[in-house]
DNA sequence: CTGTTCATCTCGTAA
DNA sequence: TTACGAGGTGAACAG
């Protein structure tokens, strides 16, 4: 990792064209060759960046240091440093990586082992049930037939569209039809709820922690 | 802006839960109070972060510095620094900001002034034509009636769904119906193309630079 | 404020 | 390699 605090101008030509006027910024060069340019606000997003793999070529023109960063896709990032105020290097080494808990996959897992919470007499047929246009999160069955369940952390309109496409595909199969739809999320947006109801898709909000408690009452990863 | 290179462990509890084992990392505190934690790879994304506005509370426990970062939503980021290897501060000042050229809005603008490239005899009725569920990018007209045009930089399946919803809404209006659909993008994914054709939506790939050339042959912002 | 949509989205994963 | 969906998506803009 190399950190340079510098007064610079930046031009990017690639997926779009962009320009940063002369100002003081922080440039971060990482061990994988990637580069990012940060202003003094916004935690998340750099002003400009180049993802690895990329090549940094340094030249000097009229007392100005110029970095030309290019990648295989033909994108080009040119940083002209008018003045360098500070510079540090440090070897951080490999990172053991981020452990996550509470993403959609976990919710799907928990629901798969507790399909009875989705509806009376529900039985799991398969997780990730394949269709020609992609897998349905859960395929369940009760006394009236099959139910395709779409699981989301946050239920929005896109999820309802996705489930609708799956239902269309599944209902082409005479072995399965009629297949009902069910939309399950920790939180369902009003728009999504309205669209789902309009399409006769049942909606259910579930609580992740509560669901986890059913499997393992004292579970808490961290 | 404050930069700290430190051996640390990090815990986040908020929209999900996550944990970073002890390792050397770079912590960036920006002038707006936001904070991000970087490993030595990936240009774009920090391992962990907290967006402004947030509050940083520093304590010391057994020779370890602990930063508790919280926000109004009740999210909590706890950084425990076991060792600090380097530290810098710098006032960067306000950034003049990034100027962009080539985003979807520009493409829509160009197409609006050249609707004849979309189809013979096409005339523009309105950009951002309002419907109950949101504005259609372009509403055009030819001798056979109205055409709703959805403009995307990259045409994917979501865009086709969006256009379909607009068409459904527009065709409820007896003054307009029948409204045909048209999907225009610099690049259209095969899946989107298939779905669009299946719904009788015409697809067109356009070249941004070529289109811009029609308006202003020597135009080139940077 | 909410809701909607774009993004140089990034990033993982599975076919 | 490509395609697809999730994301602590973030960020901008309209209502």
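Chains as they are written, first to last, in the numbering used here: chain A, 19 to 240; chain B, 19 to 240.
Beta carbons: idealized from backbone N, C-alpha and C, even for Gly.
Classification of residue i by the beta-carbon crowding that lies within 10 angstroms, buried from 16 upward
i	result
residue 33 (chain B)	exposed
residue 58 (chain A)	buried
residue 42 (chain B)	buried
residue 24 (chain B)	buried
residue 64 (chain B)	buried
residue 173 (chain A)	buried
residue 190 (chain A)	exposed
residue 152 (chain A)	exposed
residue 216 (chain A)	exposed
residue 164 (chain B)	buried
residue 26 (chain A)	buried
residue 56 (chain B)	buried
residue 47 (chain A)	buried
residue 180 (chain A)	buried
residue 28 (chain A)	buried
Chain B within 7 Å of residue i, Cβ atoms only
i	result
residue 241 (chain A)	The requested residue 241 (chain A) does not occur in the structure, where chain A is confined to residues 19 to 240.
residue 126 (chain A)	no
residue 69 (chain A)	yes
residue 37 (chain A)	yes
residue 225 (chain A)	no
residue 116 (chain A)	yes
residue 110 (chain A)	yes
residue 210 (chain A)	no
residue 57 (chain A)	yes
residue 113 (chain A)	yes
Within chain B, the residues that residue i reaches when beta carbons sit closer than 8 Å
i	result
residue 21 (chain A)	21, 44, 106
Proximity test, Cβ basis, 7 Å: residue i and chain A
i	result
residue 204 (chain B)	no
residue 193 (chain B)	no
residue 53 (chain B)	yes
residue 65 (chain B)	yes
residue 207 (chain B)	no
residue 170 (chain B)	no
residue 184 (chain B)	no
residue 187 (chain B)	no
residue 120 (chain B)	yes
residue 190 (chain B)	no
residue 166 (chain B)	no
residue 34 (chain B)	yes
residue 50 (chain B)	yes
Partners in chain A for residue i, counting only beta-carbon separations shorter than 7 Å
i	result
residue 148 (chain B)	Residues of chain A passing the Cβ test: none, with the nearest at roughly 17 Å.
residue 132 (chain B)	Ordered by position in chain A, no residue passes the 7 Å Cβ test against residue 132 (chain B), which lies about 20 Å from the chain.
residue 103 (chain B)	108
Partner residues on chain A for residue i, Cβ-Cβ distance less than 8 Å
i	result
residue 90 (chain B)	The premise fails here: residue 90 (chain B) is roughly 15 Å from chain A at the closest Cβ pair, so nothing lies under 8 Å.
residue 179 (chain B)	176, 179
Residues near residue i in its chain [Cβ-Cβ closer than 7 Å; skip 5 each side]
i	result
residue 226 (chain A)	120, 125, 204
residue 213 (chain B)	175, 178
residue 232 (chain B)	132
residue 44 (chain A)	21, 23, 56
Whole-angstrom distance between residue j and residue i, CA atom to CA atom
i	j	result
residue 127 (chain B)	residue 148 (chain B)	17 Å
residue 169 (chain B)	residue 30 (chain B)	39 Å
residue 115 (chain A)	residue 155 (chain B)	42 Å
residue 239 (chain A)	residue 22 (chain B)	At residue 239 (chain A) the pLDDT is 47, less than 50, meaning the model places this residue with poor confidence; the figure from the coordinates comes in the next sentence. Roughly 28 Å separates the two Cα atoms.
residue 209 (chain B)	residue 80 (chain B)	58 Å
residue 183 (chain A)	residue 200 (chain A)	13 Å
residue 111 (chain B)	residue 49 (chain B)	9 Å
residue 37 (chain A)	residue 198 (chain B)	39 Å
residue 220 (chain A)	residue 187 (chain B)	23 Å
residue 194 (chain A)	residue 136 (chain A)	19 Å
residue 92 (chain B)	residue 192 (chain A)	49 Å
residue 100 (chain A)	residue 113 (chain B)	16 Å
residue 122 (chain A)	residue 143 (chain A)	20 Å
residue 150 (chain B)	residue 167 (chain B)	16 Å
residue 61 (chain A)	residue 39 (chain B)	21 Å
Cβ shell of residue i (< 6 Å), same chain only, five flanking positions each side left out
i	result
residue 88 (chain A)	73, 94
residue 84 (chain A)	77, 98
residue 52 (chain B)	69, 70
residue 86 (chain A)	75, 96
residue 67 (chain B)	54
Contact set for residue i: own chain, Cβ-Cβ below 8 Å, skip 5 residues either direction
i	result
residue 141 (chain B)	133, 158, 159, 160
residue 105 (chain B)	20, 21, 22, 23
residue 224 (chain A)	125, 129, 135, 202, 203, 204
Cross-chain neighbours of residue i in chain A, by beta carbon under 9 Å
i	result
residue 129 (chain B)	By Cβ distance, chain A contributes nothing, its closest Cβ being about 17 Å from residue 129 (chain B), past 9 Å.
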